[in-house]
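Comments concern the structure below.
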Amino acid sequence: MTTDNSGQLTFAIPKGRILDEALPVMARAGVEPEAAFHDKSNRALSFATNRADMRLIRVRAFDVATFVAHGAAQVGIVGSDVIEEFDYADLYAPVDLDIGHCRLSVAQRVDDTEEQSSASHLRVATKYPSLTRRHFEAQGIQAECVKLNGAMELAPSLGLARQIVDLVSTGRTLKDNGLVETSKIIDISARLIVNRAALKTDPRVAELVAAFRADMEAQAAEKQVA
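Here the sequence shown stands for residues -7 to 218, where the numbers follow my numbering.
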């Protein structure tokens, strides 16, 4: 694993729900994107930062883990749901950033009253097939996972799958689509992730980990005082 030819570090950050919360945390750790990053009409995926030796790439959350695990990026921020789903050996998540809180849960139609305990096989719509299979296997149920990347809540009403496994925050989206949460698989928060080889070979990666960890400790201390 190496950095690119210019010696820049690549920091992968996710599009979507975590990003707005991640930017202040990054700034406190000394990483800020160029002004063009905040331009909503800008379609670029790579951006300069306040550090000459670092660029940001903005990609889908699932791709953050892949870029970092394979060494194309050395550092990233992503939800623990993605880390658990892929379980990459070359990925290390040293700091819980205490943002992006939600949960991964099972849900089904409110009017679905059939007992699940008697089922040996279920069709489940999700973009988390690995976590879903492990969850149901622990109950002795074989889960046939239908991979969807969005509009998960439609699957039960249209007969695509009896249940869904998806991220839940307030539960409002489930309620609005006639679904009810039946069990929680894991609690989720965003984590700083690094490539294991980069952590060992590039001192800048270790310095970033230390900066983020120090910020989390400072934030925790402030909460205790408050």
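Here a beta-carbon is modelled for each residue, glycine too, at the ideal position from N, C-alpha and C.
Does DSSP classify H113 as helix, strand or coil? strand
Cβ-based neighbour list, G(-1), same chain, cut-off 8 Å, excluding 5 preceding and 5 following: D45
Taking the alpha carbon of F78 as the reference point, which residue from V102, R205, E214, I185 has its own alpha carbon closest? I185
I'd like to know whether the C-beta atoms of V87 and T124 end up nearer to each other than 7 Å. no
Along the chain, where does the alpha helix (DSSP H) that runs through T124 open and close? 121 to 129
Length of the line joining the Cα atoms of H127 and L140: 18 Å
Expressed to the nearest angstrom, what Euclidean distance is found between the alpha-carbon atoms of L166 and V172? 6 Å
Can you list, in chain order, the residues of its chain with a C-beta nearer than 6 Å to that of E26? Leave out the 5 residues immediately preceding and following it. F39, A40
Please state the DSSP three-state secondary structure of T58. helix
Short Cβ contact (7 Å threshold) for Q66 with L1: yes
Quick check on Q216: buried or exposed, where buried means 16 or more other Cβ atoms within 10 Å of its Cβ? exposed
Please return the same chain residues whose Cβ sits closer than 8 Å to the Cβ of N34, not counting the five positions on each side in sequence. A28
Quick one: what's got a C-beta closer than 8 Å to A53's C-beta in the same chain, skipping five residues either side? P6, K7, G8, I10, V70, G71, V74
Do you know how far the Cα of V98 is from the Cα of M144? 11 Å
What would DSSP say about T162, mapped onto helix, strand or coil? coil
In three-state terms, what does DSSP make of V201? helix
Give me the Cα-Cα distance between R196 and T105, rounded to the nearest whole angstrom. 55 Å
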